[in-house]
Amino acid sequence: MAGTMVLLRGITGVFDAFIKKIPQGISAGLLAGVLLNFGWGVLADASMHGAHSQLSSSSTQELAP
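For the sequence shown, the residue numbers in the numbering used here are 381 to 445.
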């Protein structure tokens, strides 16, 4: 059922007409909010698991002669 609805939206072009009515600044702001939320989640997860300290110590060991 959902696949049929997606197919009909794609064929009729109703979704494209709706998207074109949204100002570019609004859509850019929405995208920025999603990406910022994703980035904060990645940073929080990395700090929780100590990935930052592991990455920084391994990169300094590789650079040392």
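Virtual Cβ for every residue (Gly too), placed ideally from N, Cα, C.
Span separating the alpha-carbon of residue i from that of residue j
i, j, result
"Phe398", "His429", "42 Å"
"Val394", "Val386", "11 Å"
"Leu415", "Ser407", "12 Å"
"Ile402", "Ser427", "37 Å"
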